[in-house]
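Residue numbers (this note's numbering), protein chains in the order written: chain W, 348 to 687; chain V, 348 to 687. Glycine included, every Cβ here is placed at the ideal spot set by N, Cα and C. All remarks here apply to the structure that follows.
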């Protein structure tokens with residue numbers, strides 16, 4: 348083999364192995380389990396510092412431990428999902444809750460959704476500006492209203508009526524996110540162009556899927572949406588079937604990525620539908636949807652998911668996805684890049 | 348057989364035949380076709396007058412003719428869907444556009460969505476108050492933005508920027524709808540209770556699915572939502588996969604009914620997913636989703652749909668659904684009740 352051919356083979360080998368590793372499938376142990384993500388995108392080692400890596404992993408671990416502890420206490424997967432998402436919403440690291448990106452007009456507009464796989468009930472909020480933990484609001488819509496999706500000031504009125512305290516919009520101000528907005532707005536690019544650039548401030552949605560001691564699955568997702576978004580744009584995070592889905596009979600899924608592709612492809616539900624109708628495994632279904640369908644269309648992003656046996660899939664078609672899982676006491680595993 | 352047994356058999360026969368008739372499946376002729384609905388619910392002959400029936404059917408026929416003419420002229424199914432929905436949006440008879448119901452606070456907030464089955468692109472608006480034809484706004488989002496769903500004043504800003512004229516909110520005032528709101532608000536019932544009552548002013552969403560000369564399928568849905576709705580509630584109509592879905596490889600679907608059940612079940616996409624993954628027919632898939640799944644959960648409503656061969660299904664689990672189809676020149680067929 349010539350030197351050139353050998354080099355090409357080597358490159359191909361690494362390319363293919365990196366593709367394989369970007370679908371991390373953990374066999375289920377049939378016990379309580381939790382899997383989380385903190386967004387997918389062009390997350391490269393070259394743009395990271397060891398300190399930054401550590402800071403991200405710390406929050407992921409904390410969220411896993413809080414969620415796992417909830418499950419260990421015999422509480423429901425819905426409660427575990429909410430408790431773990433709150434940890435990430437309260438951290439300024441992720442694009443959800445406190446760390447939400449800014450809209451084009453300098454506001455923060457947050458979306459979240461939750462679904463319970465035991466009875467397929469669901470709740471979501473979109474475009475809220477004064478709710479500290481949107482995932483709690485989504486859960487409130489699910490459990491205290493006859494609705495699935497409440498939006499804007501209407502959603503805020505609903506949670507207020509149900510005795511949730513609102514925060515000042517200034518709660519969501521972080522210098523880092525504001526600087527990101529200023530940087531985007533300085534560039535002479537249209538929104539369309541921005542969409543095609545994989546900057547780290549674009550993604551960062553958080554999501555959790557959990558399996559509790561009763562075998563019930565729940566999934567939830569929370570986001571600040573797209574940085575510099577305009578026109579009341581709503582992405583996949585608050586859309587049941589696109590960003591979030593849960594059904595005990597198949598799986599729970601939380602998605603993250605270029606929302607519009609996830610909406611048009613019903614990514615979260617499609618994985619469940621493939622398991623149900625084609626009778627394939629979670630890993631196969633996630634691979635089909637994320638690594639084939641979405642990739643073909645140019646829809647960057649990923650999902651975390653688990654089924655009733657605790658089989659876990661963390662599958663993404665981008666260079667990185669903040670992610671982790673925990674299905675044994677004191678053993679949270681967290682990852683950032685494709686190959687670790 | 349005793350007299351009693353005979354009577355019971357007779358009743359069972361009529362019950363079962365009425366159930367069969369509520370799934371109207373028309374074999375495809377492989378040519379241009381259009382199918383529409385104007386909402387499903389407790390539409391009973393006893394509450395109707397011949398004049399009212401005639402008035403509803405007149406608009407349905409007009410919408411079918413306009414849509415069919417668009418297809419006949421060789422234009423796309425997307426254009427046919429838009430043209431037919433505009434006819435129904437401009438009529439005060441249906442709960443969409445001009446005839447939209449009022450929210451709890453006396454405003455009109457409209458939702459619409461459209462999807463093109465040739466490339467799975469989609470657009471939607473939710474909670475808009477000043478757009479005369481929300482289906483045109485949904486199409487504009489699809490064709491002129493990088494987004495799928497724009498909401499509220501943001502969506503209005505987007506269409507304005509793209510040179511669509513806005514109307515005064517008072518355009519949507521109709522005495523009939525306002526009286527309905529007053530009647531609902533007089534009653535000492537919570538929103539939860541209202542949801543469980545099948546009043547004719549609850550439903551009335553409109554939707555169209557069309558197949559054009561190129562074999563492309565498109566689907567669209569438009570609604571004023573639930574009468575007396577609060578908290579920025581958004582139903583299934585603007586949600587891709589719930590109220591609207593189209594894919595040339597399977598089918599196009601527009602749904603109408605108790606939105607929350609349609610969202611949790613991803614009704615429109617689920618029918619397509621069953622055809623794709625279980626390899627069953629459109630009629631079988633529609634029956635499975637609307638007459639079994641939804642019915643079991645108590646989710647009242649229906650769908651109109653067609654596949655690439657022009658096979659049409661109009662399936663609903665309520666006493667009536669305003670509906671019709673046209674797949675031959677000068678022959679629009681319209682229906683209201685289960686048994687006609």
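Sequence-ordered contacts of the segment 467 to 481 of chain V with chain W read 467, 468, 469, 473, 474 [C-beta pairs closer than 8 angstroms].
Beta bridge pairing from DSSP links residue 380 of chain W with W:558. In the three-state scheme derived from DSSP, where H, G and I count as helix and E and B as strand, residue 449 of chain V is classed as coil.
Excluding the 5 residues flanking it on each side, residue 496 of chain W has same chain C-beta neighbours closer than 7 angstroms at 471, 473, 585, in chain order. Judged by beta-carbon spacing, residue 379 of chain W lies beyond the 7 angstroms limit of residue 407 of chain W, meaning their Cβ atoms are not closer than that value.
In the three-state scheme derived from DSSP, where H, G and I count as helix and E and B as strand, residue 496 of chain V is classed as strand. The alpha-carbon of residue 465 of chain V is positioned some 6 angstroms away from that of residue 563 of chain V. From the listed residues W:459, W:468, W:526, the smallest Cα separation to residue 499 of chain W is found for W:459.
DSSP, reduced to helix, strand and coil, places residue 411 of chain V within a helical segment of the structure shown. When Cβ-Cβ separations below 7 angstroms define contact, residue 403 of chain W makes no contact with chain V.
For residue 517 of chain V, the secondary structure class from DSSP, reduced to helix, strand or coil, is helix. Taking a contact to require three or more Cβ pairs closer than 8 angstroms, the segment 564 to 577 of chain V and the segment 632 to 643 of chain V do not qualify as touching.
Taking 8 angstroms as the cut-off between beta carbons, the residues of the segment 480 to 512 of chain W near chain V are 492, 493, 494, 495, 496, 497, 498, 499, 500, 501, 502, 504, 505, in sequence order. Beta-bridge pairing by DSSP links residue 462 of chain W to W:469, W:566.
Contact between residue 449 of chain W and residue 392 of chain W is absent: CB atoms are separated by about 27 angstroms, not below the 8 angstroms threshold. Proximity to residue 650 of chain W across W:529, W:656, W:532, W:629 peaks at W:629, based on C-alpha coordinates. Distance from the CA of residue 468 of chain W to the CA of residue 611 of chain V, rounded to the nearest whole angstrom, comes to 7 angstroms. Between residue 439 of chain V and residue 457 of chain V, the C-beta gap is not smaller than 7 angstroms, which leaves the two residues out of contact. Per DSSP, residue 663 of chain V is one residue of the beta strand (DSSP E) stretching across 659 to 663. Only those residues of the segment 602 to 617 of chain V whose C-beta falls short of 8 angstroms from the nearest C-beta of chain W are listed: 606, 607, 610, 611, 612, 613, 616, 617. Rounded to whole angstroms, the gap between the alpha carbons of residue 642 of chain W and residue 619 of chain V is 21 angstroms. Going by C-alpha positions, residue 679 of chain W is about 19 angstroms away from residue 421 of chain W. Against chain V, the CB of residue 578 of chain W has a partner CB under 7 angstroms away; the residue lies at that interface. Within the same chain, and ignoring the five residues on either side of residue 492 of chain V in sequence, the residues whose Cβ sits closer than 7 angstroms to its Cβ are 505.
Looking at the DSSP output, residue 602 of chain W sits in a beta bridge with W:650.
Residue 627 of chain V sits in coil when the DSSP states are folded into three classes, being neither helix nor strand. Contact note: residue 562 of chain V does not reach chain W at a C-beta cutoff of 7 angstroms; the least C-beta distance is about 20 angstroms.
Ranked by Cα distance from residue 475 of chain V, the options W:370, W:578, W:593 are led by W:578. Per DSSP, the continuous beta strand (DSSP E) segment holding residue 372 of chain V begins and ends at 370 to 373.
In the structure shown, the three-state DSSP call for residue 641 of chain W is helix. Distances from the alpha-carbon of residue 646 of chain V to those of W:681, W:519, W:581, W:494 put W:494 closest. Going by DSSP, residue 670 of chain V is part of the beta strand (DSSP E) stretching over 667 to 673.
In this structure residue 623 of chain W is buried. Its beta-carbon is surrounded by 16 or more other beta-carbon atoms within 10 angstroms. Residue pairing from DSSP places residue 591 of chain V in a beta bridge opposite V:587, V:601.
Under the Cβ distance rule, residue 587 of chain W counts among the residues neighbouring chain V, one pair being separated by less than 7 angstroms. When DSSP states are grouped into helix, strand and coil, residue 683 of chain V belongs to the strand group.
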